[in-house]
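Asker: Residue numbers for the sequence shown follow our numbering, so the first one is 313 and each next one is one higher. Here a beta-carbon is modelled for each residue, glycine too, at the ideal position from N, C-alpha and C. Right, I'll just put the structure down here and ask away after.
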Amino acid sequence: YRDPVTQTYLQLYTAYQDACDRAGLVDFAEILLRALELLRDNKHIREHYQARFKHILVDEFQDTNNIQYAWLRMMAGPQSHVMIVGDDDQSIYGWRGAKVENIEKFTLEFPSVNTIRLEQNYRSTKTILEASNTLIANNTERMGKELWTDGNVGEPISVYSAYNELDEARFVVGKIKEWQ
């Protein structure tokens with residue numbers, strides 16, 4: 313790698329890994345990787361767990377990373393029934409490696425996928441959902457859905473742009489007092 317930033321990252325990661333190895337420690341990413349390697353490299357263990365877990369449910373699937381997706385593929389044996397729950401519009405962990413694309417990949421790689429869209433919202437008002445639908449429609453890489461509610465129209469949306477944290481805190485306190 314000729315990029316000095318990448319070289320620095322590699323040096324830091326190598327030093328971090330060496331320190332973990334010396335101390336006999338593993339972090340979360342390493343636990344995931346070692347679990348995947350165990351399933352990949354040991355057919356007996358893989359088949360044991362595939363037989364034991366015939367029904368697998370993964371929630372918040374939009375927040376899975378490549379290692380977690382590969383682990384699920386290893387765990388899902390030929391007789392497995394796999395169900396995922398996820399929302400492609402709610403992926404917020406890209407900074408730690410989450411791949412919202414895993415939802416679409418799942419629909420392509422697992423046979424007999426049945427997609428159920430949960431579009432009715434019980435918490436938000438019609439005003440908020442209309443704004444949300446309009447805003448998220450600009451994301452061209454989503455699978456698509458139209459949120460709706462039987463609830464009230466609700467208050468109009470307002471925006472306050474604070475100068476800093478103190479200004480924001482004063483505004484919030486003022487609104488709370490106003491609404492009491």
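The beta strand (DSSP E) with residue 396 in it runs from where to where?
Answerer: Position 84 of the sequence shown, counted from the first residue, corresponds to residue 396. Start and end: 393-396.
Asker: Would you call the region 452-470 in contact with the region 386-401, where contact means no fewer than 3 C-beta pairs closer than 8 angstroms?
Answerer: Judged by Cβ distances under 8 angstroms, the region 452-470 makes contact with the region 386-401, as three or more pairs qualify.
Asker: Roughly how many whole angstroms lie between the Cα atoms of residue 556 and residue 352?
Answerer: The structure shown does not extend to residue 556, since the chain is modelled only from 313 to 492, so the question has no answer here.
Asker: So within the region 379-459, which uninterrupted beta strand (DSSP E) runs reach at least 3 residues, ignoring any that extend past its ends?
Answerer: Fully enclosed beta strand (DSSP E) runs of 3 or longer: 393-396.
Asker: Considering only residues of the same chain and omitting the five flanking positions on each side of residue 469, which have a CB-CB separation below 8 angstroms?
Answerer: Taking the sequence shown and counting its residues from 1, one reaches residue 469 at position 157. The residues are 439, 440, 443.
Asker: Starting from the Cα of residue 349, find the closest Cα among 406, 382, 481 and give me that residue.
Answerer: What you label residue 349 is simply residue 37 of the sequence shown in a count that begins at 1. Of the listed residues, the one whose Cα sits closest to residue 349 is 382.
Asker: Would you call the CB atoms of residue 379 and residue 335 closer than 9 angstroms?
Answerer: Here residue 379 is taken as the residue at index 67 of the sequence shown, counted from 1. Here residue 335 is taken as the residue at index 23 of the sequence shown, counted from 1. Result no, Cβ atoms of residue 379 and residue 335 do not sit closer than 9 angstroms.
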